[in-house]
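Enquirer:
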Amino acid sequence: MATFDIAGLYPGTFNPATGVFRITEAWIPFAYTYTDDNGSVVGGDQVVGDPNDGLGPFTDTYVGSINGHWVVATEEDGYFLATTTVNPYPMGITAVVDQTTPFIFCFAAGTAIATPAGEVPVEALAPGDLVLTADGRAVPALFIGRQTLSAIFVPEARSLVRIAAGALGEGLPRRDLVLTGDHALLLEGVLVNAGALVNGTTIARVPRGALPSRFTVYHVETAAHDIILAEGVPAETYMDAKGRARFDNHAEYVPPPGGDRKIEHPAPRVTAPRQVPAAVQARLAGHAPAPPTVAA
Numbered sequence: 001m002a003t004f005d006i007a008g009l010y011p012g013t014f015n016p017a018t019g020v021f022r023i024t025e026a027w028i029p030f031a032y033t034y035t036d037d038n039g040s041v042v043g044g045d046q047v048v049g050d051p052n053d054g055l056g057p058f059t060d061t062y063v064g065s066i067n068g069h070w071v072v073a074t075e076e077d078g079y080f081l082a083t084t085t086v087n088p089y090p091m092g093i094t095a096v097v098d099q100t101t102p103f104i105f106c107f108a109a110g111t112a113i114a115t116p117a118g119e120v121p122v123e124a125l126a127p128g129d130l131v132l133t134a135d136g137r138a139v140p141a142l143f144i145g146r147q148t149l150s151a152i153f154v155p156e157a158r159s160l161v162r163i164a165a166g167a168l169g170e171g172l173p174r175r176d177l178v179l180t181g182d183h184a185l186l187l188e189g190v191l192v193n194a195g196a197l198v199n200g201t202t203i204a205r206v207p208r209g210a211l212p213s214r215f216t217v218y219h220v221e222t223a224a225h226d227i228i229l230a231e232g233v234p235a236e237t238y239m240d241a242k243g244r245a246r247f248d249n250h251a252e253y254v255p256p257p258g259g260d261r262k263i264e265h266p267a268p269r270v271t272a273p274r275q276v277p278a279a280v281q282a283r284l285a286g287h288a289p290a291p292p293t294v295a296a
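In UniProt numbering, the protein residues as written are 1 to 296.
(1) Are glutamine 99 and phenylalanine 247 touching if we call contact CB-CB under 9 Å?
(2) Between the Cα of glycine 286 and those of Val206, Leu132 and Gly169, spot the shortest distance and give me the residue it belongs to.
(3) Could you tell me whether the region 218-238 touches the region 133-140, where touching means 3 or more Cβ pairs closer than 8 Å?
(4) Quick one: grab the DSSP three-state call for arginine 274.
(5) Taking the C-alpha atoms as reference points, what is the distance between valine 63 and alanine 73?
(6) Give me the Cα-Cα distance between alanine 92 and phenylalanine 215, rounded to the nearest whole angstrom.
(7) My parser needs the beta strand (DSSP E) runs of 3 or more residues fully inside the region 55-79; what are they?
(8) Leaving aside the five residues before and after aspartate 226 along the sequence, list all residues of the same chain whose C-beta is less than 7 Å from its C-beta, in chain order.
(9) Per the DSSP calculation, leucine 177 is bridged to which residue(s)?
(10) Name the two residues that bound the continuous beta strand (DSSP E) containing isoleucine 228.
(11) Note down the Cα distance separating leucine 185 from alanine 26, rounded to an integer number of angstroms.
(12) Give the straight-line distance between the Cα atoms of leucine 187 and histidine 219, rounded to the nearest whole angstrom.
(13) Rounding to the nearest angstrom, what Cα-Cα distance links valine 254 and proline 268 in this structure?
(14) Our contact map puts leucine 179 next to alanine 108 with C-beta atoms below 8 Å; I'd like the distance itself, whole angstroms only.
(15) Evaluate asparagine 87 with the Cβ neighbour count: other Cβ atoms within 10 Å of its Cβ, from every protein chain shown; 16 or more gives buried, anything less gives exposed.
(16) Could you say which of Ser159, His250 and Asp176 lies nearest to glycine 209 if we only look at CA atoms?
(17) What whole-angstrom Cβ distance do threonine 35 and threonine 24 have, given they're in contact under 8 Å?
(18) Between the C-alpha atoms of phenylalanine 58 and glycine 110, what's the straight-line distance to the nearest angstrom?
(19) Work out the CA separation of tryptophan 70 and alanine 95 for me, nearest whole Å.
(20) Starting from asparagine 193, follow the beta strand (DSSP E) in both directions and report where the run begins and ends.
(21) Locate the beta strand (DSSP E) running through valine 139, then write down its first and last residues.
(22) If you follow the beta strand (DSSP E) that phenylalanine 215 is in, where does it begin and where does it stop?
(23) Just grab the DSSP bridge partners of leucine 9 for me.
(24) Compute the Euclidean distance between the alpha carbons of phenylalanine 80 and asparagine 249, then round it to the nearest angstrom.
(25) Keeping to the same chain, check which residues put their C-beta closer than 8 Å to that of alanine 126; ignore five residues upstream and five downstream.
(26) According to DSSP, simplified to helix, strand and coil, what is isoleucine 93?
(27) Going by C-alpha to C-alpha distance, which of Gly56, Gly195 and Thr84 sits closest to serine 65?
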């Protein structure tokens, strides 16, 4: 599943022939979260908006992105540039919409995945290798997707999330766990996107300047939407609908016997901080750093 947190909107026009978007009206503050069930987003996908003010959900169509912000088409009101930051552009500017760069949600290289033979770096796994699920089963990896990204094209608000060792309690993760913000962990019976857990201390976005100029992220796919162990933490496997083609190695995918299958989520899902259950908040609070001591 993919999510994208929005701060507000610019109304505008979009020319499909040229790929150019033009801002035509002032920025409108409107905080909400887009959700897409495919695990990634491609032009033409339907994305569901969930306003932070509690109003009912709505559905738009994802067109592409401009510097990490989304261009969306609405059924009644035309095109908008949905931004992650407050009023980032002046009135009247035009920009070419990137309709090809994918939004993929994965583990960073080096993440230790549990297998029957011990922990293995995610990049060392291959289709057919057995991985351990959180409930103790050994299941074969169907596909190990990889995507190489350029740090310059990763907006700060969409950067990787680093979960410090021990931040989730019970000594988990065993080492720092780095993954994309839309990759979910199973906490207290709920799938929670890593980005919804960010607290700025033990769980924080990796500054873009700290990322390599180019880096690779990985996703493990199994025959079902399983929960595997990454640095000891229960984490979801990849669930494809239309997004696998955006991995660098998508041509290596071999469908399982009987062809592709419909996959269901194994648990309810949380995509925004305001949705994080109280039990998860309490778990995180119990392992947050102590406030600094102020001298008298």
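Just so you know, even glycine gets a beta-carbon here, dropped at the ideal spot from N, CA and C. Small disclaimer: the values here were computed from a predicted structure and weren't measured.
Expert: Straight from the coordinates:
(1) Residue 99 sits at position 99 when you count from the first residue of the sequence shown. Residue 247 sits at position 247 when you count from the first residue of the sequence shown. Their beta carbons are not under 9 Å apart, which means glutamine 99 does not touch phenylalanine 247 by this criterion.
(2) As a first step, residue 286 is located in the sequence shown; it is residue number 286 there, counting from the start. Nearest of Val206, Leu132 and Gly169 to glycine 286, Cα basis: Gly169.
(3) Yes: at least three Cβ pairs fall under 8 Å.
(4) Counted from its first residue, the sequence shown places residue 274 at position 274. Helix.
(5) Position 63 of the sequence shown, counted from the first residue, corresponds to residue 63. Position 73 of the sequence shown, counted from the first residue, corresponds to residue 73. Straight-line Cα distance between these residues: approximately 7 Å.
(6) Working through the sequence shown from its first residue, we reach residue 92 at position 92. Working through the sequence shown from its first residue, we reach residue 215 at position 215. Note that residue 92 is glycine in the sequence shown here, rather than alanine. So the two alpha carbons sit approximately 35 Å from each other.
(7) Runs found: 58-66 and 69-74.
(8) As a working note, residue 226 is residue 226 in the sequence shown. Around aspartate 226: Thr133, Val139 and Thr237.
(9) If you number the sequence shown from 1, residue 177 lands on position 177. Here leucine 177 is bridged, per DSSP, to Ile163.
(10) Within the sequence shown, the letter at position 228 stands for residue 228. Counting along the chain, the beta strand (DSSP E) containing isoleucine 228 begins and ends at 227-230.
(11) By one-based count along the sequence shown, residue 185 stands at place 185. By one-based count along the sequence shown, residue 26 stands at place 26. Note on geometry: alpha-carbon atoms of leucine 185 and alanine 26 lie some 38 Å from one another.
(12) By 1-based counting over the sequence shown, the position of residue 187 is 187. By 1-based counting over the sequence shown, the position of residue 219 is 219. When rounded, the distance between both Cα atoms is 19 Å.
(13) Counted from its first residue, the sequence shown places residue 254 at position 254. Counted from its first residue, the sequence shown places residue 268 at position 268. Looking at the backbone, the Cα of valine 254 and that of proline 268 are separated by about 29 Å.
(14) Start at 1 with the first residue of the sequence shown, and residue 179 comes out as number 179. Start at 1 with the first residue of the sequence shown, and residue 108 comes out as number 108. Between alanine 108 and leucine 179 the Cβ distance is about 6 Å, and since that is below 8 Å, they are a contact.
(15) As a first step, residue 87 is located in the sequence shown; it is residue number 87 there, counting from the start. By the neighbour-count criterion, in which 16 or more other beta carbons inside 10 Å mark a residue as buried, asparagine 87 falls on the exposed side.
(16) As a first step, residue 209 must be located in the sequence shown, where it is residue number 209. Ranking Ser159, His250 and Asp176 by CA distance to the CA of glycine 209 puts Ser159 first.
(17) Counting from one through the sequence shown, the residue named residue 35 turns up at place 35. Counting from one through the sequence shown, the residue named residue 24 turns up at place 24. Not really, about 27 Å apart at Cβ, beyond 8 Å.
(18) The count along the sequence shown starts at 1 and reaches residue 58 at position 58. The count along the sequence shown starts at 1 and reaches residue 110 at position 110. Between phenylalanine 58 and glycine 110, the C-alpha separation is close to 38 Å.
(19) Taking the sequence shown and counting its residues from 1, the one referred to as residue 95 is at position 95. Taking the sequence shown and counting its residues from 1, the one referred to as residue 70 is at position 70. In a straight line, the C-alpha of alanine 95 is about 12 Å away from that of tryptophan 70.
(20) Locating residue 193 in the sequence shown gives position 193, where the first residue counts as 1. Counting along the chain, the beta strand (DSSP E) containing asparagine 193 begins and ends at 190-193.
(21) Numbered from its first residue, the sequence shown carries residue 139 at position 139. 138-140 is the extent of the beta strand (DSSP E) around valine 139.
(22) The count along the sequence shown starts at 1 and reaches residue 215 at position 215. From DSSP, the beta strand (DSSP E) with phenylalanine 215 extends over 214-221.
(23) Within the sequence shown, numbered from 1, the residue matching residue 9 stands at position 9. Leucine 9 pairs with Ile28 and Ala82.
(24) Mapped onto the sequence shown, residue 80 falls at position 80. Mapped onto the sequence shown, residue 249 falls at position 249. One Cα belongs to phenylalanine 80, the other to asparagine 249, and the distance between them is close to 32 Å.
(25) Here residue 126 refers to the residue found at position 126 when the sequence shown is read from its first residue. Only residues of its own chain outside the window of five on either side were considered, and among them Ala141 and Ile144 have a CB closer than 8 Å to the CB of alanine 126, listed in chain order.
(26) Here residue 93 refers to the residue found at position 93 when the sequence shown is read from its first residue. If DSSP states are grouped into helix, strand and coil, isoleucine 93 belongs with coil.
(27) Here residue 65 is taken as the residue at index 65 of the sequence shown, counted from 1. Restricting attention to Gly56, Gly195 and Thr84, the CA atom closest to the CA of serine 65 is found in Thr84.
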